[in-house]
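Chains as they are written, first to last, in the numbering used here: chain R, 78 to 820; chain D, 2 to 328. Inspection log for the structure reproduced underneath, given as C-alpha cells.
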Amino acid sequence: MNVPLAKAVGQPVSRVDGPRKVTGHARYAGEFDVPGMLHAALVLSTVPKGAVAAIDGEAARQVPGVHVLVTHENAPRLPYRRMAQRPQVDAQSGDQLQVFQGPEIHFNGQPVAVVVAETLEQAVHAASLVTVTYEEEEASTTFDIDRGKPPSSGNEKAGRPAETSMGDADAAFAAAPVKVEAIYTQPREHHNAIEPHVTIARWDGDVLTLYDKTQWVDNDRKEIAHVFGIPEESIRVVSPFVGGAFGSALRTWPHVTVAALAAKVAGRPVRVELTRRELYTSVGFRPHTVQRVALGAERDGTLTAIIQEAWGQTSAYEEYAEVTLDPARNTYACPNVRTRYRLIEMNTNSPCPMRGPGVATGLLAHETAMDELAVALGMDPVELRLRNYAEKDQHKDLPWSSKALRECYRIGAERFGWSGRQPEPRSMREDGQLIGFGMATAAYPAHRSEASAEATLFSDGTALIRSAASDMGPGTYTSITQVAADALGLPVEAVRFELGDTDMPFAPVHGGSITLASVGTAVEAACRVLLEDLSNVVRADPDGPFANLSADDLEWRDGGAVRRGGGELVTFETLLRGLRLDRIVGQGDSAPGDESKTYSSCAFGAVFAEVRVDPDLGTVRVHRIVGAYDIGRVVNPKTAHSQCIGGMVGAIGMALLEQAEWDERFGRVMNGNLAEYLVPVCADVRELDALFVESEDRIFNPLGVKGVAELGICGVAPAIGNAVYHATGRRIRDFPILPEKLL
Amino acid sequence: MVPFAYIAVATPEAAIRRTAEGRGAEYVAGGTDMVQLLQEGVRAPLELVDINGIAFDDVSIAIDGIRIGAMARLADVADDPAIRERVPVVSSALQESASPQVRNMATVGGNLLQRTRCLYFRDATTPCNRRVPGSGCPALEGQNRINAILGGSPRCIAAYPGDLAVALVAVDAEVLVAGPTGERTITVENLHRLPGDAPHLETVLEPGDLITAIWIPLAAAGRRSHYLKVRDRTTFEWALASAAVSLGMNGDTILEARVAVGGVATKPWRLRHVEEMLVDRRLDHALARAAGERAADGAEPRGRNAFKVTLLRRTVERALLQIGGLA
C-alpha cells in the first residue's frame with residue numbers, strides 16, 4: 078500500500094449502503110423477523126372532540142386469531158413521567174397525547190383502541206368490528222386568525238418569540254417611498270415518506286426492544302422510558318435504515334407506546350404499522366400558516382422596513398411552534414424590523430417539523446414579498462437582494478462564521494442564464510406556453526450538538542465506526558465513512574459505519590441538518606484518539622518498528638504509519654499483529670464550543686427557476702431549477718447534489734401541488750392518501766441542478782461543513798412562485814399554485 | 002378489510018354463475034382499483050371472483066369495427082398499432098391514464114367500471130350516499146374541488162374519474178356484455194347511470210353481467226380524433242377536465258362530430274349541443290371558441306369546483322384547436 082491514498086472527503090463516493098438498499102438487504106424497522114410476533118390494528122376516533130361514551134369490542138374479540146383488545150377501559154395505567162428537560166423535537170408546551178389512559182378525544186384520528194391478532198388481516202378485520210360511541214363536544218376546527226394567541230414561555234425560550242422589534246418598523250414602513258404589503262398562505266402539508274411508520278415491540282421480562290422507524294434512537298428510548306417509568310438501560314431501540322422521514326420520525330409518536338403497551342398486555346412481540354391514511358393523523362405535519370409581510374424601501378431598493386407576522390396552526394393538547402419569522406429577522410440588512418407570531422389551537426393531531434421547518438415557510442412569504450418589492454421598484458430581483466446583503470446576522474448582532482451568498486447569486490445566475498430574462502411579465506413565450514424566470518434566496522441556520530462515536534481498527538486493516546446516528550436518506554452512512562477513512566488514513570472500502578442502535582455511542586437527533594457537523598466531528602475525534610493510543614502502544618513496544626520515537630516522529634497515512642522524513646510504511650495489520658492485538662478502539666466526543674456565542678452560522682443558497690405556464694389552462698410545469706449553495710465544505714458532492722435536488726422536488730410539491738384538504742365539519746384531512754394528496758412524480762421533475770461554491774467553515778466546526786438537507790427545500794417554492802408571476806403577471810399568494818388560480 | 006372468499010375462474014360462464022347468485026360476489030381483474038377499496042373498507046364483497054384466467058385480451062380488426070377483449074391490459078391496448086392509428090383518442094386516453102405499473106395490470110373492462118375518486122367516497126369514516134345509501138353527501142358543501150359540475154344530484158356529485166370511457170363515447174363504442182340471460186350490447190354512453198336518487202347504482206349492469214369486449218365501429222374509427230387531459234401534475238393523475246373529440250371531416254369542414262368530456266361530470270359526458278354546433282362548419286379559431294363557450298352549459302358548480310366551468314370551456318376549445326392543427 079505504498080501508493081498514496083487520495084482523500085475521500087470531497088470525492089463523489091457512491092452510497093456505501095446503495096447495494097444493500099437496491100438488493101433488498103437493508104433491513105428497515107418493519108422488516109425485522111421477531112419470533113412469535115403478533116400484529117396490531119388501531120381503532121381511531123371519528124370525531125374531533127369529546128369523549129368515548131362506550132366501546133363495544135365483543136364482536137372483535139370473537140374474531141379468530143385475536144389475542145387482545147386494549148382500550149382506555151382495560152389498558153394498564155402508564156406513568157408518563159415528565160422529562161427534566163423536553164427534547165427539542167417535542168412540542169415545548171402542553172402534554173403529549175397519552176394513549177388509552179382516558180376517554181377524552183382531542184382530534185379525529187386519535188387512537189381509542191388497538192386489536193392484536195395473529196395476522197394483520199385478522200387484526201384489521203376485528204378492528205373494523207369495534208363499535209365506539211362518543212359524547213361529542215364542539216370542536217375548534219377552523220383556522221381562525223382571530224383566535225391566535227402568543228406562544229408560551231417554553232417556545233419563547235426555544236427561539237419562537239411572540240414579538241421582536243428592532244428600530245421602528247411601522248413608522249419606517251409608513252414613511253417608505255416604495256412599499257408592498259400582502260397576505261400569504263401555506264396549507265398544511267404532510268411528509269409522506271415512502272416508508273410508513275412501523276414499530277415492533279418485544280419484551281424479554283423487563284427489558285424492551287423496539288425496532289422503530291426513528292431519526293433519533295436515543296431519544297426514542299428516553300421517551301418510552303418516561304412513558305413506562307422504566308430505566309433507559311432496560312430499553313434498546315434498533316433502527317438501522319429509515320426510508321425517508323423529512324422530520325416525521327424526529328419525535329416518538331403515540332403508536333410507539335401503543336406497540337410497547339400492546340406487547341406487554343399480549344405477552345408477545347407486537348408489530349404496529351400505520352396505514353397511509355393513518356399517517357395523516359398519527360404523526361405530525363407542516364402546520365397551516367398564514368403570514369402578513371410588509372416591506373418598505375428607498376427608491377434605490379434599500380430596505381427601510383420589514384414587518385412580518387405569522388399565524389401557525391397547533392393542536393389543542395400541545396403547543397408546537399416554528400421559527401417561521403427567523404428569515405424576516407436575518408435574511409437581509411434592514412434597520413427596522415418587527416415580527417409577530419401567533420398560534421391557533423385546533424382539534425387536530427400536533428404538527429411537527431417538516432423539512433426546513435419554519436424557515437421554508439417564512440422564506441416562502443418573505444422571498445415572494447421581496448419579488449413583489451423588486452417589481453414595485455422596477456429593479457432586478459438579484460440586484461435587490463445584493464443591495465440589501467446582510468453582512469452580519471443583525472438579529473443576533475453577530476458576524477457570520479462564513480457566508481458566500483454573493484458568490485451563490487453570481488454563479489447561480491450565470492449557470493441559469495438569468496441575464497436572458499426579459500423583466501416584463503408575459504414577455505417570454507415558447508410553443509404557446511408562457512415562460513417565467515424567478516429566483517429567491519435560500520438560507521438555513523447551521524447547528525451542531527454533542528455527539529459521540531467509537532472507532533475500532535482491526536488487525537486485518539479494516540475499521541468499524543459506530544454511533545447511534547440515523548440516515549433517513551441524505552447519505553450519512555457514506556459521508557461519515559469518508560470522514561473516518563481520511564481520519565484513519567484508510568481507503569473507503571476498508572471502513573464500515575454502523576448506526577441506529579442505542580447500544581452505540583450517543584448521537585444527537587438526525588434532523589436540522591446537524592448530523593455531519595455533529596457526528597462527523599465526533600467520528601474524527603474517535604479516530605484521532607484511536608491513532609494516539611496506537612501511537613503510544615507502538616512507540617512503547619521495544620521490539621516494534623517505531624520503538625522509542627516521539628509521537629511527532631510518526632505520520633499516519635495510507636493504511637499505516639511511517640517515520641517522518643523517510644522510512645518504510647508499516648501497515649496497520651503489521652503493527653497490530655506485531656503487538657498481538659486483534660483490535661484497538663478509540664472513543665471520541667464532540668460538542669459545540671463558544672463559537673455559537675460569538676458567531677452566527679448559516680448555510681446559504683440562491684435558487685433560480687424556470688416555469689412554463691399554459692395561458693388558457695392554468696397548468697404550471699417547472700422546466701428547470703438551478704441552485705447555487707454555500708454549504709461549507711462539501712464532503713460528498715454526489716450525495717450533497719442529491720440532497721439539494723431532492724429538496725427541489727419537495728419544493729415543487731410545496732409550490733404547485735401539496736395541500737391537505739381539511740373538512741372543518743369532521744376536523745379531518747379528507748385527501749389522506751397518495752392518490753389525492755399530490756406530490757411531484759418523475760414527469761414533473763425535468764432539469765434540476767445544484768452547484769456548490771467554494772466554502773469551508775472551520776469556525777463552526779473542525780470539519781468545516783454546514784449542513785445541506787433543510788437548505789435544499791428553502792427558497793425553491795418562492796422562486797417557482799416568482800417565476801409564475803413573471804410568466805403570467807399574476808401574483809399567487811395562496812399556495813399551492815393550482816391551475817384554477819391562474820384561469 | 003372484511004374477510005372474503007376468493008375463487009379463480011377460467012370461463013365467463015363460471016364467472017357469471019358466481020356473481021349472478023346475488024351472494025355478494027364481485028369480479029376482480031387487474032385489481033388496481035378494487036384492492037385499494039378493499040383495504041380502505043370502502044368495498045366489502047363476500048367473494049372475489051378472479052377473472053384473470055379468462056382469455057379475452059386480444060385486439061382484433063373486423064370488417065366493420067375493432068374489438069378489444071375486456072381483459073386486455075391498458076398498456077397493451079394503448080400500444081396496439083391498430084388502436085394508435087385508427088382511434089388515437091383511445092390510445093392517448095390510455096397513455097395518459099394512471100402510471101405504467103397500473104396500466105400493465107388494469108384491464109379495459111375494469112377501467113370502465115372504476116369507482117369515483119370523491120374524497121368522501123374513499124374515506125369510510127364519513128357519510129357517502131354512493132358508499133352507504135342514505136347516509137348523506139358531505140361533498141355538496143365540502144372539499145369538492147375534484148367533483149362534478151355536470152350530471153350531479155342533491156345526493157351525489159362524484160365525478161366519473163376515467164379517461165378510456167370518455168374516449169370511447171367519442172368513437173360511438175359499445176360494450177359487449179354477457180349475463181345470466183345471454184349476451185347484449187350497451188353503448189358506452191349509456192353504460193353509466195346518473196346518480197339521481199340512487200348514486201350507489203353506477204351502471205346499468207345487472208348482477209352476473211360481465212363485460213367481455215369493447216366494440217368500436219369502423220365508421221367512427223375513420224374519423225380524426227384527439228384526447229386532451231388537463232391535470233394538476235404531469236402524469237399519474239386524474240383529469241380536472243378532459244375532452245375527447247372525434248370529427249369526420251372533408252377538408253376543414255366538419256361533417257360529423259363527437260365531443261365527450263371527463264373529470265367534470267358524474268358519468269362520461271357527451272356534449273350533443275356542442276356537436277351540433279360543429280357539424281357543417283369550417284373548423285377555425287372562431288368555431289372552436291364558440292363551441293368551447295357552450296361546453297359547460299347546464300353546469301352546476303358547487304364551491305371549490307367552480308373553476309371547472311371555465312376550465313372545461315377552454316379544454317374543449319383547445320382540443321378542437323389541436324385536432325384542427327390550429328393550436
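The C-beta atom is built at its ideal place from N, Cα and C for all residues, glycine as well.
| query | result |
| --- | --- |
| How is the beta strand (DSSP E) around residue 126 (chain R) delimited, first residue to last? | First-last for residue 126 (chain R): undefined, no H or E at that position. |
| Around the C-beta of residue 79 (chain R), are 16 or more other C-beta atoms found within 10 angstroms, so that it is buried, or is it exposed? | Its pLDDT being 49, under 50, residue 79 (chain R) is placed unreliably by the model, and nothing is read from it. |
| Strictly by DSSP, which residues pair up with residue 825 (chain R)? | Outside the displayed span of chain R (78 to 820) sits residue 825 (chain R), for which this structure offers no information. |
| To be precise: take each residue of the stretch 231 to 251 of chain D, compare its Cβ to all Cβ atoms of chain R, and keep it if any distance is under 8 Å. Which residues remain? | 231, 232, 233, 234, 235, 236, 237, 238, 241 |
| Starting from residue 315 (chain D), find everything on chain R with Cβ-Cβ shorter than 7 Å and list it in chain order. | 693, 694 |
| Under a three-way DSSP split, which group does residue 476 (chain R) fall into? | strand |
| With residue 441 (chain R) and residue 812 (chain R) assumed to form a contact (beta carbons below 8 Å), what rounded beta-carbon distance in angstroms separates them? | 7 Å |
| Between residue 479 (chain R) and chain D, is there a C-beta pair that is closer than 8 Å? | no |
| What are the boundary residues of the beta strand (DSSP E) that residue 251 (chain D) is part of? | 242 to 251 |
| By DSSP's criteria, residue 106 (chain D) is part of a beta bridge. Which residues make up the other side? | Its beta-bridge partners do not exist; DSSP assigns none. |
| Bridge partners for residue 243 (chain R) per DSSP, in chain order? | R:414 |
| Report the option in R:695, R:789, R:805, R:549 whose CA atom is closest to the CA atom of residue 231 (chain D). | R:695 |
| So is residue 72 (chain R) in contact with chain D if we call contact Cβ pairs under 8 Å? | Since the first residue of chain R shown is 78 and the last is 820, residue 72 (chain R) is not available in this structure. |
| Roughly how many angstroms separate the alpha carbons of residue 517 (chain R) and residue 474 (chain R), rounded to a whole number? | 24 Å |
| Alpha helix (DSSP H) containing residue 82 (chain D): first to last residue? | 82 to 87 |
| Do residue 171 (chain D) and residue 315 (chain D) come within 8 Å of each other at the CB atom, strictly closer than that value? | no |
| With DSSP as the reference, label residue 217 (chain D) as helix, strand or coil. | strand |
| Should residue 319 (chain D) be flagged as near chain R, meaning a C-beta pair shorter than 8 Å? | yes |
| Look at the alpha carbon of residue 177 (chain D) and the alpha carbon of residue 12 (chain D), and state the distance between them as a whole number of angstroms. | 16 Å |
| Go through its chain and collect everything with a Cβ distance to residue 668 (chain R)'s Cβ below 6 Å, but skip five positions before and after it. | 527 |
| Mind pulling the chain D residues with CB within less than 8 Å of residue 698 (chain R)? | 235 |
| Please list the partners that residue 149 (chain D) has in chain R, where partner means a Cβ-to-Cβ separation under 8 Å. | Neighbours of residue 149 (chain D) on chain R: none; closest Cβ ~15 Å, over 8 Å. |
| Pop quiz: residue 217 (chain R) and residue 423 (chain R) are said to be a contact at Cβ under 8 Å. What is the actual Cβ separation, rounded to whole angstroms? | 5 Å |
| Within the chosen definition, does the stretch 391 to 402 of chain R reach the stretch 304 to 317 of chain R through at least 3 CB pairs nearer than 8 Å? | no |
| Excluding the 5 residues preceding and the 5 following residue 415 (chain R) in the sequence, name in chain order all residues of the same chain whose CB lies nearer than 6 Å to its CB. | 242, 246, 384 |
| Could you give the C-beta distance for residue 229 (chain D) and residue 244 (chain D), rounded to a whole number, given that I count them as a contact under 8 Å? | 5 Å |
| Tell me which same chain residues have a C-beta within less than 7 Å of the C-beta of residue 46 (chain D), skipping the five on either side of it? | 5, 25, 26, 27 |
| Nearest-angstrom Cα distance between residue 522 (chain R) and residue 150 (chain R)? | 46 Å |
| In three-state DSSP terms, what is residue 370 (chain R)? | strand |
| So which residues on chain D does residue 743 (chain R) lean against when the C-beta distance must stay under 7 Å? | 127 |
| Figure out for me which residue from D:103, D:220, D:324 has the closest Cα to the Cα of residue 63 (chain D). | D:220 |
| For the 8 Å Cβ check, are there 3 or more pairs between the stretch 187 to 203 of chain D and the stretch 136 to 155 of chain D? | yes |
| Since residue 123 (chain R) meets chain D, which of its residues come closer than 9 Å, beta carbon to beta carbon? | 126, 127 |
| Give every residue of the same chain whose Cβ lies closer than 6 Å to the Cβ of residue 204 (chain R), excluding the five residues on either side of it in the sequence, and list them in chain order. | 118, 120, 192 |
| Run through chain D and tell me which residues come within less than 8 Å of residue 748 (chain R), C-beta to C-beta. | 120, 144 |
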